[in-house]
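Written below as structure tokens is the structure these notes are about.
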Amino acid sequence: MERQPLALRIVLAAGLVALAAFPFVGEKFYVQFVTKVMIWAIFAVSLDLLVGYTGLVSLGHALSYGLAAYTLMLLTPQYEAAGFWTSLGASLGVAALAALVVGLLVLRTSGIYFIMVTLAFGQMAYYYVHDSDRLGGSDGKYIYVRPALEIAGWKPFDLDQFTHFYYVALALLAGVYFALRVLLASPFGRVIVGIKENEHRMRMLGFATFRYKLVCFVLAGVLAGLAGWLAAAHDGLVNPEMLSWHQSGQLLMMVILGGMGTPSGPILGAAALKVLELLFQSWTKHWQLLLGGFIVLAVLLIPRGLAQLFEWKRRG
Amino acid sequence: MDTAIFLIQVLNGIQYGLLLFLVASGLTLIFGIMGIINLAHGSFYMIGAYLAFSLTRLIGDFWLALAAGVVVAVAIGLLLEWLVMRFLYQRDHLYQVLLTYGLILIFEEARSLVWGDDVHGVAVPGALAHSIPLTENLSYQVYRLAMSGICLAIALGMYWLIQKTRLGMTIRAGSVNREMVQSLGINIGLLYRLVFALGVALAALAGMLASPVSSVFPGMGNQVLIISFVVVVIGGIGSVKGALVAALLIGLADTFGKVLVPQIAGMVVYLLMAAILLWRPQGIFGRG
């Protein structure tokens, strides 16, 4: 694995310890807030696999996220819990299938056209859900009971307890983070980074780049599906906004703001954006003005994202 | 479908398409010449509509308000280019997307601070408020026809500006080779500022023209933004002619989609876009 700058590693380790300890000191509101941030972080990491590593800028990433969330809603009986593994498996399966079908079509285009075609597919799914009465239309639907896990009468955790949910989200985020680092250090990871740098050369070297990109697209879709399943289970509702381009746009902000193509950038970006949002909301009802101003200044002043702030060691 | 309804739908489709063209042509010029993806373009449409609402009240006459609104829009465009946009020319598209997304948030809140979050209406100008009867119970509003007429006139004006004038020649040259134009002694910074202001004015004008028929409401810019991007991409990025053809195509597809397949009406436009891009990935009039 590529060594990360020392400062960043210290921050990461401290962050993990702080996250693990947080539910012991934090109030319920903040524990749930951090849970949401971690779900966003998983979502952002999945997009970074496309944008930052493979060079595929998708503006329709909410597609897999939203479809996975709706799958959980459909599988949850009105007053009972859905099975943990069955609903998770089905959600990820739907997310993967959607990514596969869309990927087969959109990967034929590139550049700005890729951005726009992914947007088009995202919008198609959005309007389908938005106009479908069975799926709850523009209001969405509630999920009254969270999925439950039971192995022969034994319950390892109970998602209805907010601290349990917190640790499940933390474990999944850490798992996704390390799995991706291992993947990116593998030959497969080298190939996809190579595709971002110079796809022609990779093809000349004999790599079937289309297949690599497709695998990446599906993998990112599955991880987005994981985030969607978690978000639906956590909030207890699904609505079409989960599929809207705003969702994809906000996610892209997190990735770029945090620093794309860095393993921890999207996590930092998700945390920064959500914390700022919370902070500004506590100041004024016109918080978007401050958030917008922050984004504009960040682009002009920190060109390579927040992760850049930790790079002083490497250059020093 | 009988003839009168069909005719109304065709007129509505063309009117919507021409309105989209005003927004999309600015977007495609800014992208084609300056290389900027401007997500905030829909906000200018929204600002235009709100300007029409306030200025009509202030001045009392819709057409004078329109003229004043265009002046304000040009001023906003010049200021914004000088403040922010000129720092984006050399940056990656991703950062342009990020920064202009930030601008959307700023414009939305500024709108909320200045005008509040209520839905407003603008009265149709008196002389054009009546309707032409088509059958006993179907009629078509004169203002909508006038709107199409104005949009068409602007489309022709743009064709003349870009194809026949010296400024247009520089604009076309600038979209092909920026360095070459610069080394021929043309002030490219000034050219960019003008093109950006022109784009802002077109989008704002579209918003002002639309204000009497649609209402003036928060978030109206975002709807138009996405659909205008669809128009730009289908037409071929940077091509004004492509934007016109694609805008009419989308306008008609959207209008007839709502009549013929109401259950999937929202998806029709995007299905069309996906189909066209899979057939011609660079758009109908895009350079290979």
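Chains A and B, in that order, are what the protein sequence lines are. Residue numbers for the first sequence follow our numbering, so the first one is 7 and each next one is one higher. Residue numbers for the second sequence follow our numbering, so the first one is 20 and each next one is one higher. Built from N, CA and C at the ideal position, the CB exists for glycine as well. Here the structure is a predicted model, which means the values were calculated and not measured.
Alpha helix (DSSP H) containing residue i: first to last residue?
{"i": "serine 158 of chain B", "result": "Where serine 158 of chain B is concerned, there is no enclosing alpha helix (DSSP H), although the beta strand (DSSP E) it sits in stretches over 158 to 160."}
{"i": "isoleucine 16 of chain A", "result": "12 to 31"}
{"i": "serine 150 of chain B", "result": "Counting along the chain, serine 150 of chain B falls outside any alpha helix (DSSP H), though it belongs to the beta strand (DSSP E) covering 150 to 152."}
{"i": "tryptophan 251 of chain A", "result": "251 to 264"}
{"i": "serine 73 of chain B", "result": "60 to 78"}
{"i": "arginine 187 of chain A", "result": "168 to 191"}
{"i": "phenylalanine 215 of chain B", "result": "207 to 229"}
{"i": "glutamine 287 of chain A", "result": "271 to 289"}
{"i": "alanine 192 of chain B", "result": "185 to 195"}
{"i": "serine 247 of chain B", "result": "239 to 254"}
{"i": "aspartate 54 of chain A", "result": "34 to 54"}
{"i": "alanine 94 of chain B", "result": "81 to 102"}
Using the Cα positions of residue i and residue j, report the straight-line distance between them to the nearest angstrom.
{"i": "methionine 208 of chain A", "j": "isoleucine 201 of chain A", "result": "6 Å"}
{"i": "glycine 322 of chain A", "j": "proline 11 of chain A", "result": "Caution is warranted here: a pLDDT of 36 is assigned to glycine 322 of chain A, below 50, making its placement in the model unreliable, and no coordinate value can be reported."}
{"i": "leucine 97 of chain B", "j": "valine 42 of chain B", "result": "17 Å"}
{"i": "serine 62 of chain B", "j": "glycine 187 of chain B", "result": "26 Å"}
{"i": "proline 309 of chain A", "j": "alanine 222 of chain B", "result": "29 Å"}
{"i": "valine 264 of chain B", "j": "threonine 184 of chain B", "result": "22 Å"}
{"i": "alanine 146 of chain B", "j": "alanine 84 of chain B", "result": "16 Å"}
{"i": "valine 29 of chain B", "j": "histidine 67 of chain A", "result": "35 Å"}
{"i": "lysine 34 of chain A", "j": "phenylalanine 171 of chain A", "result": "12 Å"}
{"i": "lysine 319 of chain A", "j": "leucine 62 of chain A", "result": "In this predicted model, lysine 319 of chain A has a pLDDT of only 45, less than 50, meaning its place in the structure is not dependable; the value taken from the coordinates is given anyway. C-alpha separation (whole angstroms): 30 Å."}
{"i": "glycine 411 of chain A", "j": "phenylalanine 236 of chain B", "result": "Lying outside 7 to 322, the shown extent of chain A, residue 411 of chain A is not represented and no answer is given."}
{"i": "glutamine 34 of chain B", "j": "leucine 122 of chain B", "result": "29 Å"}
{"i": "glycine 218 of chain B", "j": "alanine 68 of chain B", "result": "15 Å"}
{"i": "arginine 76 of chain B", "j": "glycine 88 of chain B", "result": "12 Å"}
{"i": "histidine 292 of chain A", "j": "serine 131 of chain B", "result": "8 Å"}
What in chain A is Cβ-close to residue i, meaning under 9 Å?
{"i": "histidine 112 of chain B", "result": "Val63, Gly117, Ile118 and Ile121"}
{"i": "valine 116 of chain B", "result": "Val63, Leu65, Ile121, Gly255, Leu258, Met259 and Ile262"}
List the residues of chain B whose Cβ lies closer than 8 Å to the Cβ of residue i, in chain order.
{"i": "tryptophan 235 of chain A", "result": "Within chain B, no residue comes near tryptophan 235 of chain A; the closest Cβ sits about 25 Å away, beyond 8 Å."}
{"i": "tryptophan 251 of chain A", "result": "Ile245"}
{"i": "leucine 176 of chain A", "result": "Under the 8 Å cutoff, chain B gives no residues; its nearest Cβ is about 28 Å from leucine 176 of chain A."}
{"i": "leucine 111 of chain A", "result": "Ala293 and Leu297"}
For residue i, which option in the options has the closest C-alpha, if you only look at C-alpha atoms?
{"i": "serine 247 of chain B", "options": "B:Ser233, B:Leu267, B:Pro237 and B:Phe236", "result": "B:Leu267"}
{"i": "asparagine 245 of chain A", "options": "A:Ser192, A:Val135 and A:Thr215", "result": "A:Val135"}
{"i": "glutamine 256 of chain A", "options": "A:Phe49, A:Leu14, A:Ala27 and A:Val31", "result": "A:Phe49"}
{"i": "glycine 146 of chain A", "options": "A:Ala96, A:Gly89, A:Ser192 and A:Met79", "result": "A:Met79"}
{"i": "isoleucine 52 of chain B", "options": "B:Val259, B:Gln282 and B:Phe275", "result": "B:Val259"}
{"i": "alanine 229 of chain B", "options": "B:Ala23, B:Ile66 and B:Asp21", "result": "B:Ile66"}
{"i": "threonine 169 of chain A", "options": "A:Phe28, A:Arg15, A:Val261 and A:Gly21", "result": "A:Phe28"}
{"i": "isoleucine 273 of chain A", "options": "A:Trp293, A:Gly227, A:Gly311 and A:Thr60", "result": "A:Gly311"}
{"i": "tyrosine 71 of chain A", "options": "A:Trp46, A:Gly21, A:Leu55 and A:Gly58", "result": "A:Trp46"}
{"i": "histidine 240 of chain A", "options": "A:Trp91, A:Thr41 and A:Val17", "result": "A:Thr41"}
{"i": "alanine 293 of chain B", "options": "A:Ser254, A:Leu125, A:Ala185 and A:Met266", "result": "A:Leu125"}
{"i": "tyrosine 114 of chain B", "options": "B:His139, B:Ile56, B:Ala129 and B:Phe40", "result": "B:Ile56"}
Residues of chain B with a CB under 7 Å from the CB of residue i: which are they?
{"i": "histidine 136 of chain A", "result": "Gly285"}
{"i": "glutamine 294 of chain A", "result": "Leu124, Glu127 and Glu128"}
Is there at least one Cβ from chain D nearer than 9 Å to residue i's Cβ?
{"i": "arginine 114 of chain A", "result": "This model lacks chain D altogether, as its protein chains are A and B."}
At a CB-CB cut-off below 7 Å, which residues of chain A make contact with residue i?
{"i": "isoleucine 256 of chain B", "result": "Ile118"}
{"i": "tyrosine 120 of chain B", "result": "Gly255, Met259 and Ile301"}
{"i": "phenylalanine 275 of chain B", "result": "Result: empty, since nearest Cβ-Cβ is about 16 Å, beyond 7 Å."}
{"i": "methionine 292 of chain B", "result": "Ala126"}
{"i": "serine 131 of chain B", "result": "His292"}
{"i": "valine 34 of chain B", "result": "According to the sequence as given, residue 34 of chain B is glutamine; it is not valine. Residues of chain A passing the Cβ test: none, with the nearest at roughly 22 Å."}
{"i": "glutamine 282 of chain B", "result": "Asp137"}
Counting only Cβ pairs nearer than 8 Å, list the residues of chain A close to residue i.
{"i": "proline 231 of chain B", "result": "Going along chain A, no residue has its Cβ under 8 Å from proline 231 of chain B, so there is no contact; the nearest lies around 26 Å."}
{"i": "glycine 289 of chain B", "result": "Reading off the sequence shown, one finds tyrosine at residue 289 of chain B, where the question assumed glycine. What tyrosine 289 of chain B touches in chain A: Ala126, Phe127, Gln129, Met130 and Tyr133."}
{"i": "valine 250 of chain B", "result": "Simply none; closest approach about 11 Å."}
So which residues of chain B does residue i contact, with C-beta pairs closer than 9 Å?
{"i": "glutamine 287 of chain A", "result": "Chain B residues near glutamine 287 of chain A: none, gap ~12 Å exceeds 9 Å."}
{"i": "valine 281 of chain A", "result": "Result: empty, since nearest Cβ-Cβ is about 16 Å, beyond 9 Å."}
| task | List in chain order: all unbroken alpha helix (DSSP H) runs of 4+ residues lying wholly within the stretch 75 to 149 of chain A. | result | Within the stretch 75 to 149 of chain A, the complete alpha helix (DSSP H) runs of at least 4 residues fall at 90 to 112 and 117 to 136.
| message | I'd like the ranges of any beta strand (DSSP E) spanning at least 3 consecutive residues and lying wholly in the stretch 112 to 153 of chain B. | response | 150 to 152
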